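For the sequence shown, numbering that gives the first Met the number 0 puts the final residue at 384, and the numbers step up evenly by one. Using N, Cα and C, we set each Cβ at its ideal position, and we do this for glycine too. On a predicted model such as this, the values are computed, not experimentally measured, just so you know.
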Amino acid sequence: MGNPKVLNNYGSFDVTFVKGQGSVLTDVNGKKYIDFLAGIAVNCLGHNYKPLVKAVAAQAKKQIHVCNYFTSDVGLAFADELLAATGFEGVYFGNSGAEANEAAIKLARKYGQLNGGSSRKTIVTLNKSFHGRTLATLTATGQDRFHPEDFAPYVQGFKTIEPNDYEGLENAFDETTAALFFEPVECEGGVIPVEKEWAQKAAELARKAGAIVMCDEVQTGMGRTGALLASDALGINPEVVTLAKAIAGGVPMGACLYRGNGNVFKAGDHQSTFAGNPLACAAGRVVLKTLTAPGFMEDVLRKGEYIRNTVKGWNLPCVVDVRGKGLVIGIQVNKDPAAVEKKCLADGLLFSTAGSDVVRLVPPLNITMKEIDAGLAILKAGLEA
Ligand SMILES: *Cc1c(COP(=O)(O)O)cnc(C)c1O
Numbered sequence: 000m001g002n003p004k005v006l007n008n009y010g011s012f013d014v015t016f017v018k019g020q021g022s023v024l025t026d027v028n029g030k031k032y033i034d035f036l037a038g039i040a041v042n043c044l045g046h047n048y049k050p051l052v053k054a055v056a057a058q059a060k061k062q063i064h065v066c067n068y069f070t071s072d073v074g075l076a077f078a079d080e081l082l083a084a085t086g087f088e089g090v091y092f093g094n095s096g097a098e099a100n101e102a103a104i105k106l107a108r109k110y111g112q113l114n115g116g117s118s119r120k121t122i123v124t125l126n127k128s129f130h131g132r133t134l135a136t137l138t139a140t141g142q143d144r145f146h147p148e149d150f151a152p153y154v155q156g157f158k159t160i161e162p163n164d165y166e167g168l169e170n171a172f173d174e175t176t177a178a179l180f181f182e183p184v185e186c187e188g189g190v191i192p193v194e195k196e197w198a199q200k201a202a203e204l205a206r207k208a209g210a211i212v213m214c215d216e217v218q219t220g221m222g223r224t225g226a227l228l229a230s231d232a233l234g235i236n237p238e239v240v241t242l243a244k245a246i247a248g249g250v251p252m253g254a255c256l257y258r259g260n261g262n263v264f265k266a267g268d269h270q271s272t273f274a275g276n277p278l279a280c281a282a283g284r285v286v287l288k289t290l291t292a293p294g295f296m297e298d299v300l301r302k303g304e305y306i307r308n309t310v311k312g313w314n315l316p317c318v319v320d321v322r323g324k325g326l327v328i329g330i331q332v333n334k335d336p337a338a339v340e341k342k343c344l345a346d347g348l349l350f351s352t353a354g355s356d357v358v359r360l361v362p363p364l365n366i367t368m369k370e371i372d373a374g375l376a377i378l379k380a381g382l383e384a
């Protein structure tokens with residue numbers, strides 16, 4: 000399995016890809032696969048999307064990296080465009096989801112220090128959440144299987160509550176709470192959407208207790224749910240939103256957006272050598288421009304509905320629930336989702352699982368109806384097997 004010289008971290012499948020076109024990938028043997036995975040919600044514009052390839056190539060000719068003691072033209076432009084599109088006041092650019100969330104965690108701690116001192120430090124996260132693989136983001140992750148003794152001690156100052164549980168909200172926040180931090184849809188945890196009413200109540204109570212509200216939109220952000228930010232659709236106006244995965248269409252990048260009471264970072268508070276890399280910013284500009292073009296989000300919503308309705312319409316006995324928002328789709332099954340994943344991979348369809356019993360589909364946002372139908376045919380056979 001995989002390459003013995005590379006740490007076999009991922010239990011990788013024995014498939015080696017060489018190229019992609021649209022939502023179709025090709026492996027070393029020339030076999031083609033429909034891509035319902037998109038590099039885990041990263042390749043939001045699919046593969047070999049011409050304007051993206053062109054922008055990255057053109058940027059590589061100009062400058063690939065600039066030391067952050069200076070700014071780059073493309074970095075400033077992307078920051079302006081991203082803030083204008085999202086309504087935030089400032090952004091910290093990073094290189095990954097975990098790093099964007101580390102920035103948010105530090106920001107919340109600083110907010111707490113400025114608004115209550117050393118007693119206001121706790122960050123409240125949700126059960127079944129996923130926030131990353133660094134020590135702080137692992138601790139923030141509300142799933143015990145991510146907390147083996149091997150990596151102890153974990154970081155202090157996190158507390159977990161149950162999503163969509165109204166009673167649990169009553170004692171969730173107090174004068175020690177610095178921030179409420181959650182994914183609008185818990186993706187890795189099993190594609191569990193946070194209810195709008197619950198999110199609004201939670202945000203209101205958190206703020207009443209003096210805390211800020213932060214959304215981890217590393218997976219839900221950049222159009223995945225049919226809105227540029229999933230938190231926009233919740234109507235909670237978070238002080239902080241983190242992004243990564245799709246933000247630069249496949250070039251590594253993360254971002255921590257902040258405004259209002261979340262605008263507490265000062266020069267020197269957080270830094271990274273690669274942060275705001277010109278290559279990533281050039282890619283990010285194309286992604287943002289494409290996603291914000293008229294009709295794009297309506298298309299994402301329409302395609303998501305089509306996939307959910309089609310799967311529901313099959314009325315398969317193994318399907319327990321079909322859920323999600325836009326193009327993050329969870330199919331809860333009463334059998335091993337990993338076996339379905341394996342069979343579909345052999346048949347030429349890529350996707351991943353989430354939680355313990357969910358098939359997760361996160362195709363490129365610009366996937367065509369033809370590619371969707373081709374993938375769904377393979378998925379149906381895989382679920383029926
Ligand atoms: C993938 C993911 C992360 C971690 O991002 P990395 O780039 O792998 O560090 C954090 N939060 C959410 C919601 C994610 O989906």
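V339 versus Q142: straight-line alpha-carbon distance, rounded: Indexing the sequence shown from 1 puts residue 339 at position 340. Indexing the sequence shown from 1 puts residue 142 at position 143. About 24 Å.
For my contact list, A254 and V90 are in at a C-beta cut-off of 8 Å; report their separation, rounded to the angstrom. Within the sequence shown, the letter at position 255 stands for residue 254. Within the sequence shown, the letter at position 91 stands for residue 90. That pair is a contact at about 5 Å.
Going by other Cβ atoms of all chains shown within 10 Å of its Cβ, with 16 needed for buried, is D13 buried or exposed? Mapped onto the sequence shown, residue 13 falls at position 14. Exposed, by the Cβ-count rule.
Provide the residue span of the alpha helix (DSSP H) that contains F77, from first to last. Reading the sequence shown from its first residue, position 78 is the one you call residue 77. Segment 72-85, the alpha helix (DSSP H) holding F77.
Applying the 10 Å Cβ sphere with the 16-neighbour rule, what's the burial state of T138? Indexing the sequence shown from 1 puts residue 138 at position 139. Buried, because 16 or more other Cβ atoms sit within 10 Å of the Cβ of T138.
Can you check whether the CB of I160 is closer than 7 Å to the CB of A198? Translated into the one-based positions of the sequence shown, residue 198 becomes position 199. Translated into the one-based positions of the sequence shown, residue 160 becomes position 161. No, these two residues do not count as a Cβ contact at 7 Å.
CA-CA distance, V154 and M213? Here residue 154 refers to the residue found at position 155 of the sequence shown. Here residue 213 refers to the residue found at position 214 of the sequence shown. Taking the straight line from one Cα to the other gives about 19 Å.
Between L364 and L44, what straight-line distance do the alpha-carbon atoms span, to the nearest angstrom? Start at 1 with the first residue of the sequence shown, and residue 364 comes out as number 365. Start at 1 with the first residue of the sequence shown, and residue 44 comes out as number 45. Those two C-alpha atoms are separated by around 6 Å.
Own chain partners of A103 with C-beta closer than 6 Å, once the 5 adjacent residues on each side are dropped: As a position in the sequence shown, residue 103 is number 104, starting the count at 1. Hits under 6 Å: M213, V239, T241, C255.
Helix, strand or coil: how does DSSP classify S117 here? As a first step, residue 117 must be located in the sequence shown, where it is residue number 118. S117 falls in the helix class under three-state DSSP.
Which one of A78, S11, D26 has the shortest CA to CA distance from R284? Start at 1 with the first residue of the sequence shown, and residue 284 comes out as number 285. Among A78, S11, D26, the Cα nearest to that of R284 is on A78.
Where does F69 fall in DSSP's three states? The residue labelled residue 69 in the question sits at position 70 within the sequence shown. Three-state DSSP puts F69 in coil, outside helix and strand.
Residue burial classification, R223 (beta-carbon count within 10 angstroms, cutoff 16): Locating residue 223 in the sequence shown gives position 224, counting from the first residue. So R223 counts as buried.
In whole angstroms, what separates the C-alpha of R258 from that of T25? On the sequence shown, residue 258 is found 259 positions in, with the first residue counted as 1. On the sequence shown, residue 25 is found 26 positions in, with the first residue counted as 1. Each residue's Cα considered, the two are about 43 Å apart.
State the Cα-Cα distance for the pair A151 and L113, rounded to the nearest angstrom. Sequence index remark: in the sequence shown, residue 151 carries index 152 (1-based). Sequence index remark: in the sequence shown, residue 113 carries index 114 (1-based). The straight-line gap from Cα to Cα measures roughly 29 Å.
Taking only runs that begin and end inside the region 288-354, name each unbroken beta strand (DSSP E) of 3 or more residues, in chain order. 318-324, 327-332, 351-353
In the structure shown, what three-state DSSP assignment does M368 receive? If you number the sequence shown from 1, residue 368 lands on position 369. Looking at M368 - three-state DSSP - the assignment turns out to be helix.
Spatial neighbours of L134 within its chain, please: CB distance less than 6 Å, with the 5 preceding and 5 following residues excluded, ordered by chain position. Translated into positions along the sequence shown, residue 134 becomes position 135. So the qualifying residues of the chain are V154.
Decide yes or no for the touch test of the region 345-355 against the region 26-38: beta carbon pairs closer than 8 Å, at least 3 of them. yes
Buried or exposed (CB count within 10 angstroms, at least 16 for buried), N314: The residue labelled residue 314 in the question sits at position 315 within the sequence shown. With fewer than 16 other Cβ atoms within 10 Å, it is exposed.
R284 - DSSP class collapsed to helix/strand/coil: As a first step, residue 284 must be located in the sequence shown, where it is residue number 285. Here R284 sits in helix by DSSP.
Could you compute how far the alpha carbon of A337 sits from the alpha carbon of F35? Sequence index remark: in the sequence shown, residue 337 carries index 338 (1-based). Sequence index remark: in the sequence shown, residue 35 carries index 36 (1-based). Cα to Cα, the separation comes out at about 15 Å.
Between H130 and ligand 1, is there a pair consisting of the residue's CB and a ligand heavy atom that are separated by less than 6 Å? As a position in the sequence shown, residue 130 is number 131, starting the count at 1. Yes, since a heavy atom of ligand 1 falls inside the 6 Å radius drawn around the Cβ of H130.
Given a cut-off of 7 Å on the beta-carbon distance, is the pair K18 and H269 in contact? Looking up residue 18 in the sequence shown gives position 19. Looking up residue 269 in the sequence shown gives position 270. No; because the gap between Cβ atoms is not below 7 Å, this pair is not in contact.
For D26, which three-state DSSP category applies? Residue mapping note: residue 26 aligns to position 27 of the sequence shown, counting from 1. Strand, per DSSP.
I want to check one thing, is the minimum distance from the CB of A254 to the heavy atoms of ligand 2 below 6 Å? Summarising the ligand content, the structure contains ligand 1 and does not contain ligand 2.
Taking the Cβ atom as the reference point for each residue, do L233 and K288 lie within a distance shorter than 7 Å? Here residue 233 refers to the residue found at position 234 when the sequence shown is read from its first residue. Here residue 288 refers to the residue found at position 289 when the sequence shown is read from its first residue. In this structure, K288 does not lie closer than 7 Å to L233 by Cβ.
So, with DSSP's three-state summary, where would you put F129? On the sequence shown, residue 129 is found 130 positions in, with the first residue counted as 1. Note: F129 maps to coil in three-state DSSP.
Nearest to N42 (by Cα), restricted to the options Q218, F295, S71, R119: Position 43 of the sequence shown holds residue 42. Closest by alpha carbon: Q218.
Start and end of the alpha helix (DSSP H) containing L168? For the purposes of this step, residue 168 is taken as residue 169 along the sequence shown, with counting starting at 1. Premise fails: L168 is in no alpha helix (DSSP H) and is neither H nor E.
Use the C-beta contact count for L6: other C-beta atoms within 10 angstroms, 16 or more gives buried, fewer gives exposed. Position 7 of the sequence shown holds residue 6. Classification for L6: exposed.
S11 to G294 span [Cα, whole Å]: Reading the sequence shown from its first residue, position 12 is the one you call residue 11. Reading the sequence shown from its first residue, position 295 is the one you call residue 294. Cα to Cα, the separation comes out at about 37 Å.
With DSSP as the reference, please indicate the residues paired to H46 in a beta bridge. The sequence position of residue 46 within the sequence shown is 47, counting from 1. In DSSP, H46 forms a bridge with G21.
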